[in-house]
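2 protein chains.
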Amino acid sequence: MSASTPAAPLLPDQPDARTRLARAAVEAFADRGFHGTTTRDISTAAGMSPAALYVHHRSKEELLYELSRLGHERVLEMVRESVARSEDPVEQLGTLVEDFVRDHAVVHTGARVINYELAALSEEHLAEIVAIRHDIDLVVRGVVDRGVAAGVFHTPDAHMTALAVLSLGIDVSRWFRDEGRWTPDEVAVHYRLLALRMVGADGGRIEP
Amino acid sequence: MSASTPAAPLLPDQPDARTRLARAAVEAFADRGFHGTTTRDISTAAGMSPAALYVHHRSKEELLYELSRLGHERVLEMVRESVARSEDPVEQLGTLVEDFVRDHAVVHTGARVINYELAALSEEHLAEIVAIRHDIDLVVRGVVDRGVAAGVFHTPDAHMTALAVLSLGIDVSRWFRDEGRWTPDEVAVHYRLLALRMVGADGGRIEP
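So the sequences go chain by chain: A and B.
Going by the UniProt record's numbering, the first sequence opens with residue 1, and the numbers climb by one from there.
Going by the UniProt record's numbering, the second sequence opens with residue 1, and the numbers climb by one from there.
Right, dumping it as structure tokens:
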């Protein structure tokens, strides 16, 4: 994907068998948890025969792993693109938070599954996902560190503050509801302000 | 419990049968999710016969509900006490966030279960827990609203900011690790600063 291509949605709108299985798995995992979902649940919810999942995936865990890997790689690419749009740490962090928060609100069901079912992954797969999460952390931490070095951010602990900014965005996937009082854009814009205040941008004097 | 009694821990240190079952349930739900856990799993992990859970609880859901109710009532009492310690909105919010965050770091496994397994509750039980969560929200929103009215907090959306402050604390239960780089106190003190910045305390000019 070139840098100018918009980030692909978590699950493209192509109703082939793999996509139907992936969508059914996200809904089932979100509803009953990974361990409370059977391969039969997923296959039948996708409108397929009970064992159909095994035509496309070695196991239920492999399907979770694939959803998780694609989702995390997409977010990593997204935050790298957010940062690449400017040289100014204030603008970089603001854009990153807006993009990250909007995304976690829009695809909240999928984001919830891949953030809260990590413990269900095999050791090897978990290590791979943790490595991508670490790369996402490093992008955010890099922006905060550069802002501190440039004297535009002021925080006693850049590392914990970067974690808190990501944490705030991840938790959006827990509480956001499509029928709720705010749109993804409204949350994204407000969280941009909150994040810039958290890092003490402009000495903490960021006004709405 | 009188107002001067310190908040009780989620699970008191008394190894009676109910407590052993509750502890085993928290660990099992945290590990495999509510739907991935059987009553037999819980009973045997508590060192009891497979059906022992039914001596003390009508069902697995009743046990989750009891954990959830006790945990939420404890947090509601805690945040009310945090706010009662001062008349100053800055001090009230600072103390509330410190207490809330420290608590979610210390009892992170239990907090994770009761925050992320709400969908497993019966409709009636969920309504009861949602009402307690609403009361907790109202305490935080009340502090933010009073700070805005007093001219010491500055935020374009007091409601969303109050939600974000709680959200940041809840997510601590997802990422906090006992063997991690920060103690619960260190996270609590830093998050106090972040929350005061988020509400624009002192015009956003809060210095560490």
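We treat Cβ as the ideally placed atom computed from N, Cα and C, and that holds for glycine.
Query	Result
Among B:LEU163, B:GLY36 and B:VAL152, the one whose alpha carbon lies nearest that of ASP135 of chain B	B:LEU163
Inter-residue spacing [alpha-carbon to alpha-carbon] between LEU193 of chain A and GLY94 of chain A	8 Å
Minimum Cβ-Cβ distance from residue 218 of chain A to chain B less than 8 Å	Examination of residue 218 of chain A is not possible in this model, given that chain A is present from 1 through 208 alone.
Start and end residues, alpha helix (DSSP H) containing GLU124 of chain B	123-149
Chain B contacts made by the segment 56-71 of chain A, where a contact means CB separation under 8 Å	none
Which listed residue (A:VAL113, A:VAL97, A:ALA30 and A:ALA28) has its alpha carbon closest to that of LEU83 of chain A	Residue identity differs from the one stated: residue 83 of chain A is Val in this sequence, not Leu. Minimum Cα distance to VAL83 of chain A is reached at A:VAL97.
Buried or exposed by the 16-neighbour rule on C-beta atoms within 10 Å, applied to ALA46 of chain A	buried
The segment 110-119 of chain B / the segment 181-191 of chain B touching (three or more Cβ pairs under 8 Å)	no
Cutoff 8 Å: ALA162 of chain B Cβ touching any chain A Cβ	no
Three-state secondary structure assigned by DSSP to PRO6 of chain B	Its pLDDT being 45, under 50, PRO6 of chain B is placed unreliably in this model, and the value from its coordinates should be taken loosely. DSSP places PRO6 of chain B in coil when its eight states are reduced to three.
Euclidean distance between Cα positions of VAL172 of chain A and ALA51 of chain A	35 Å
Integer Cβ distance of PHE29 of chain A from LEU64 of chain A, believed to fall under 8 Å	7 Å
Where ALA119 of chain A meets chain B, residues with beta-carbon distance less than 8 Å	ASP31
TRP175 of chain A - DSSP class collapsed to helix/strand/coil	helix
Environment of VAL130 of chain A [buried if 16+ CB atoms lie within 10 Å]	exposed
ASP103 of chain B vs VAL75 of chain B beta-carbon contact at 8 Å	yes
Straight-line gap, VAL199 of chain B to GLU128 of chain B (C-alpha atoms, nearest Å)	30 Å
Close beta carbons around LEU126 of chain A, own chain, < 7 Å, minus the five adjacent residues each side	LEU118
THR109 of chain A beta carbon less than 8 Å from that of GLU179 of chain A	no
Local Cβ density within 10 Å of ALA158 of chain A, reported as buried at 16 or more and exposed below that	buried
Simplified DSSP assignment, three categories, for PHE29 of chain B	helix
Residues in the segment 90-104 of chain A having any Cβ partner in chain B nearer than 9 Å	none
For ASP185 of chain B, the first and last residue of its enclosing alpha helix (DSSP H)	184-198
Partners in chain A for GLY200 of chain B, counting only beta-carbon separations shorter than 7 Å	ARG197
Within-8 Å CB hit, PHE34 of chain A to chain B	yes
Burial state of PRO89 of chain A (16 or more Cβ within 10 Å)	buried
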